[in-house]
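Here the structure is laid out as structure tokens; the discussion comes afterwards.
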Amino acid sequence: MPAPGRRDVPTKLPAQLLLLLPLLLLLGSPRCVGAGVGAPAELRVRVRLPDGQVTKESLQADSDADSISLELRKPDGTLVSFTADFKKDVKIFRALILGELEKGQSQFQALCFVTRLHHNEIIPSEAMAKLRQKNPRAVRQAEEMRGLEQLHMDIAVNFSQGGLLSPHLHNVCAEAADAIYTRQEDVRFWLEQGVDSSVFEALPKASEQMELPRCRLVGDRGKSCTCRYGLSLAWYPCMLKYCHSRERPTPYKCGIRSCQKNYNFDFYVPQRQLCLWDEDP
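With mature numbering (1 follows the signal peptide of the UniProt record, and there is no 0) applied, the sequence shown corresponds to residues -35 to -1, 1 to 246, in that order.
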């Protein structure tokens, strides 16, 4: 297996993932385009990114698998996806980053970051599956801005064993097979839950990584460094809303609250060449 943090980059982009379908605000019976019995519920919304630009975001909920996925394309062409696996307490972030050929970069580079899922971070899959679109042309903007989360990814995930951590990992991270990262603190939790240790591989020791400079400060593209990749979930249903009525003795679900969340992932790369986007402070 190639060294963690490095992979042979394919020469072709994968077929573009189809944008999914409509959403929101009131909870009702599922309304899914082309969904049959047992098929995941798919929704599509227009969302405003932190820089003010508007893009389409697709959401998919599979109540049988107890999972949610989200996907959006940034203005620079980067495809960002997020998967929440409630059964395994796992969330997976993936970025397919378009390269700049004039800088000698490959056509695209893929990264996956895997962290522990806390169930209060996003609404349950069965609730997501019931969301329906009220105004397809509306541009959604998050009601709550959740703080930036800084994560130091100091463990590599063995792609060949990744299904033991989450059955979604093989599909989501296929293009990033040798660039899948997680954290020691999350690994400890999963090991306690019975996940096999063969899923995880050591990167250079944390003390060695701490001594490495940020890639943006390294001029030699062949030297190892600490890379930083930032991504944003611009809009996602993070909480259920409950309403009160004289006709009902108990509160009832009547909508969702939307959030925006930003992440910075720091991780080891054996060559500066694998982190050419990390140029700005």
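Think of the CB as a built atom: it goes at the ideal place given N, C-alpha and C, for glycine as much as any other residue. Given the structure is predicted, the values throughout are model-derived calculations rather than measurements.
From the options, residue whose alpha carbon lies closest to that of residue i
| i | options | result |
| --- | --- | --- |
| P132 | H209, R97, L8 and V79 | V79 |
| Q126 | C138, R193 and R59 | C138 |
| I87 | L35, A60, G159 and F230 | L35 |
| R111 | T215, Y201 and H209 | Y201 |
| S197 | A75, K53, I33 and F58 | F58 |
| K21 | V104, W155 and M93 | V104 |
| residue 250 | D50, S32 and S23 | Limits of the chain in this structure are -35 at one end and 246 at the other, which puts residue 250 out of reach. |
| D119 | L63, F165 and A92 | F165 |
| K206 | A60, Q149, P89 and I62 | P89 |
| Y146 | R181, P101, L113 and Y194 | Y194 |
| residue 274 | F73, G220 and F124 | Residue 274 is absent from the model: the chain starts at -35 and stops at 246. |
| A142 | F124, G64 and V152 | F124 |
| R97 | Q106, C203, G220 and L239 | G220 |
| R13 | A49, L82, R102 and A30 | R102 |
| R181 | C240, M204 and D31 | C240 |
| A92 | S32, E244 and E176 | S32 |
| G64 | N136, T43 and G128 | T43 |
| C203 | E176, L177, R9 and A49 | A49 |
Chain-order list of residues whose beta-carbon lies under 8 Å from that of residue i (same chain, five-residue window excluded)
| i | result |
| --- | --- |
| E108 | R222, S223 and C224 |
| D185 | R237 |
| V183 | C190 and R237 |
| L130 | K53, V55, V79, V122, W155, V160 and V164 |
| P15 | S197, A199, Q225 and N227 |
| N229 | L113, E114, Q115, L116, R193, Y194 and G195 |
Buried or exposed by the 16-neighbour rule on C-beta atoms within 10 Å, applied to residue i
| i | result |
| --- | --- |
| G187 | exposed |
| S162 | exposed |
| C192 | buried |
| E7 | buried |
| R213 | exposed |
| D27 | buried |
| A167 | exposed |
| K99 | exposed |
| P5 | buried |
| R211 | exposed |
| Q158 | exposed |
Own chain partners of residue i with C-beta closer than 7 Å, once the 5 adjacent residues on each side are dropped
| i | result |
| --- | --- |
| Q18 | P40 |
| G(-2) | The predicted position of G(-2) is uncertain, since its pLDDT is 37 and thus under 50; a value taken from the coordinates is nonetheless stated next. Same-chain partners within the cutoff: there are none. |
| L156 | S162 |
| H209 | P216 |
| P169 | Y233 |
| R148 | T80, L116, H117, M118, D119 and I120 |
| R153 | none |
Element boundaries [alpha helix (DSSP H), containing residue i]
| i | result |
| --- | --- |
| W200 | Looking at the DSSP string, W200 is not in any alpha helix (DSSP H); the run it does join, the beta strand (DSSP E), is C190 to S210. |
| S90 | S90 to M93 |
| V10 | Per DSSP, V10 belongs to no alpha helix (DSSP H); it is in the beta strand (DSSP E), A6 to R13. |
| L44 | Unbroken run through L44 is the beta strand (DSSP E), L44 to D50; no alpha helix (DSSP H). |
| V164 | Taken as a continuous stretch (DSSP letters only), V164 belongs to no alpha helix (DSSP H), as it is neither H nor E. |
Residues of its chain near residue i, where Cβ-Cβ distance is below 6 Å and the 5 sequence neighbours each way are ignored
| i | result |
| --- | --- |
| R179 | T191 |
| residue 315 | Only positions -35 to 246 of the chain appear in the structure, and residue 315 is not among them; the question remains open. |
| E140 | A75 |
| A94 | P(-6), A6, A26 and S28 |
| D231 | H117, T191 and R193 |
Cβ-heavy atom distance, residue i to the ligand GTP, below 6 Å
| i | result |
| --- | --- |
| V10 | In terms of ligand content, the structure shown is empty, and the ligand GTP therefore cannot be addressed. |
Span of the beta strand (DSSP E) around residue i
| i | result |
| --- | --- |
| N227 | R213 to V234 |
| E157 | No beta strand (DSSP E) holds E157; the alpha helix (DSSP H) holding it covers Q149 to E157. |
| E109 | E109 to M118 |
| L63 | V55 to L63 |
Any chain C beta carbon closer than 7 Å to residue i
| i | result |
| --- | --- |
| L198 | Structure shown: chain C not included; a single protein chain is present. |
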